[in-house]
Amino acid sequence: MSRTRKRRMMNQINVVPYIDVTLVLLVIFMVTAPMTNPGMVELPKVGQALKQSGDPIVVTVQKEGTVLMDGKKMERDDMLALIRQKLSEAEKPVVVSADKATPYGEVASVMDLLKQAQVNQVGLLFQNEK
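Below, the structure is given as structure tokens:
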């Protein structure tokens, strides 16, 4: 009597080859990742001054967040009232000037205040490249 063994179905998957492939892909990504620089942004340069009609109203934001207008320190509400008064006399552009060290949020909040006050011509003041 020959006894034949019945083969039993295996209900497990061999995952070792998948782990090997995953590790090879991980090594490839780790080697190639430092070669790419997705964070590099090339900003536009201002070559010459733009022509403007008349003198703009200049609002200066200092690095501490204080706002100056015409060289005088003032609160933001007072600044808006003075700008509205000047704009009612003649339509002038408003230019925001800020130091390099001024936090971006401070400049953005001043520009947002000007937009909420419905000042149509708001810009940023840049130093020309020489």
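Per this note's numbering, numbering through the sequence shown is continuous, rising by one, with the last residue being 1004.
Every residue gets a Cβ at the ideal spot worked out from N, C-alpha and C, and that includes glycine.
Discussion item. Taking only three categories from DSSP, how would you classify K946?
Written reply: As a first step, residue 946 must be located in the sequence shown, where it is residue number 72. In this structure, K946 counts as strand in the three-state DSSP scheme.
Practice prompt. Taking 8 Å as the threshold, find out whether the stretch 969 to 976 comes into contact with the stretch 947 to 957 through three or more Cβ pairs.
Written response: no
Worksheet entry | Cβ contact (3+ pairs, closer than 8 Å) linking the stretch 936 to 946 and the stretch 900 to 912 | no
Worksheet item: For V895, is the classification buried or exposed, using 16 other Cβ atoms within 10 angstroms of its Cβ as the cut-off for buried?
Response: As a working note, residue 895 is residue 21 in the sequence shown. That one is exposed.
Item to complete: Determine the direct distance from the alpha carbon of I893 to that of Q990, and round the result to whole angstroms.
Response: For the purposes of this step, residue 990 is identified with residue 116 of the sequence shown, where counting begins at 1. For the purposes of this step, residue 893 is identified with residue 19 of the sequence shown, where counting begins at 1. Q990 and I893: Cα-Cα distance of roughly 57 Å.
Discussion item. Going by DSSP, what residue range makes up the beta strand (DSSP E) through A907?
Written reply: Residue mapping note: residue 907 aligns to position 33 of the sequence shown, counting from 1. Segment: none, A907 is in no beta strand (DSSP E) and carries neither H nor E.
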